[in-house]
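If you use the numbering used here, the sequence shown closes out at 1550, no skipped numbers anywhere. Where a beta carbon is used, it is the ideal one built from N, C-alpha and C, also for glycine. Structure record follows, encoded as structure tokens.
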Amino acid sequence: STTSSGVVRFLKDLDESIEGRNVLVVDDIIDTGLTLRYLLDNLSRRQPAALKLCVLLDKPSRRKTEVPVHYRGFTIPDAFVVGYGLDCGG
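As structure tokens, this is what we get:
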């Protein structure tokens, strides 16, 4: 899909506590940052020792909220990205 519903749903919660643990969130792409901001806020309330974000593709020109990206593979322009595992046909 080329659009987002804007609704974040957790289908399954964590099986273990992350309190006092180092957590690395890995995602394929960040554009507006809204979903990852929601996730990072949720995880930070669980009091991890450290919470870091790693993304393969970063579209900073699309950002609608501040999200700290600690590790990034590539910074890309605002273009539709198609590839294995990305939003094309599932």
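For the pair of segments examined, the segment 1495-1507 was found not to touch the segment 1516-1523: the number of CB pairs separated by less than 8 angstroms stays below three. Annotated as proximal: Ile-1490 and Val-1515, with beta-carbon spacing under 8 angstroms. Distances from the CA of Leu-1494 to each of Asn-1482, Pro-1528, Leu-1471 and Gly-1533 were compared; the closest alpha carbon is that of Pro-1528. Glu-1479 and Ala-1510 have their alpha carbons spaced roughly 10 angstroms apart. Taking all protein chains in view, the Cβ of Leu-1484 is surrounded by fewer than 16 other Cβ atoms within 10 Å, so the residue is classified as exposed. Taking C-alpha positions only, Asp-1488 is separated from Ser-1465 by approximately 18 angstroms. Our two residues, Val-1542 and Leu-1513, have alpha carbons roughly 22 angstroms apart in a direct line.
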